[in-house]
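In this note's numbering, the protein residues as written are 24 to 329. Just so you know, even glycine gets a beta-carbon here, dropped at the ideal spot from N, CA and C. These numbers were taken from a predicted model, which means no experiment stands behind them.
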């Protein structure tokens, strides 16, 4: 019998697990759970006889893959997949997938909430500013970026976006201006909402040279990945510019240093972009459906490795 393992140090909500179980068992598969594990050795042992694997932010390393003797597919329940060792998966013929779009609304709402929080001086009595009429740059116009743009338009913000993988006419059809390049985006906008992935091209790309082009009073909102930020440059900029603000749900590696710039710097204690009941359920169920569709029908629509 095909065995599907759900390995989650931070478990899915019960309703999500129940839904995953229903999908898996209806297909005639067995479901195994590894929740709240504290030692990676537990993960190694649990994955040994699994045919399929669902994870959240759990790291599927080469060592995990080496222990997975029967694994055919791993699905990361969420959009980002930098916690999966794609090279190791590919070398063993394992299909790796993500579940794009399932967490998008939750992340988009958080990004807008972050903007309001910073505009209103961390909800203190100090006079803040309004988002109406402010210029918002969307760096990467995928599922999340587009939702941020639509919600921000409803607040009366002027929207500009940059995404080399999305046709300009598609962005313009949403009533969004297309930036000429990354410098144009950052220099033109009061707020920039960051949605780029972390890869060899993007890591440390949000640096001093780029951020220093942002106008007075500007704010960077990061619900993407901390690796894309040059953290030393961020500390330098915050020290030099008393008007600049940075808010994120991924605490920086130099978080203690950056906290000295509060309230212009704020980070949540844990990544929370997808931490809603709805997103939790949607991503888990999507992962289960993708596994069944792959094993039964060979569908690889959301494969992220080759």
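How would you call residue i, buried or exposed, if buried means at least 16 neighbouring beta carbons within 10 angstroms?
i: residue 237; result: buried
i: residue 224; result: exposed
i: residue 155; result: exposed
i: residue 100; result: buried
i: residue 160; result: buried
i: residue 319; result: exposed
i: residue 41; result: exposed
i: residue 222; result: exposed
Looking at residue j and residue i, is the spacing between their C-beta atoms short of 8 angstroms?
i: residue 98; j: residue 113; result: no
i: residue 80; j: residue 37; result: no
i: residue 214; j: residue 120; result: no
i: residue 31; j: residue 74; result: no
i: residue 189; j: residue 209; result: no
i: residue 299; j: residue 129; result: yes
i: residue 27; j: residue 53; result: yes
i: residue 172; j: residue 197; result: yes
i: residue 201; j: residue 229; result: no
i: residue 275; j: residue 249; result: yes
Following the continuous beta strand (DSSP E) through residue i, name the residue where it begins and the one where it ends.
i: residue 26; result: 26-31
i: residue 217; result: 214-217
i: residue 119; result: 118-121
i: residue 97; result: 96-99
i: residue 288; result: 288-290
i: residue 184; result: 181-185
i: residue 366; result: Past the edges of the chain, shown from 24 to 329, lies residue 366, and the structure says nothing about it.
Could you spell out the range, first to last residue, of the alpha helix (DSSP H) harbouring residue i?
i: residue 156; result: Residue 156 -> no alpha helix (DSSP H), and no H or E assigned at all.
i: residue 231; result: 231-234
i: residue 209; result: 205-211
So what's residue i in DSSP terms, helix, strand or just coil?
i: residue 242; result: strand
i: residue 273; result: coil
i: residue 71; result: coil
i: residue 313; result: helix
i: residue 85; result: helix
Does the CB of residue i have a neighbour CB from chain B at under 8 angstroms?
i: residue 176; result: Given the protein chain composition of this structure (a single chain), no chain B is represented.
Counting pairs of Cβ atoms below 8 angstroms between the region 265-282 and the region 238-252, do you hit three or more?
-> yes
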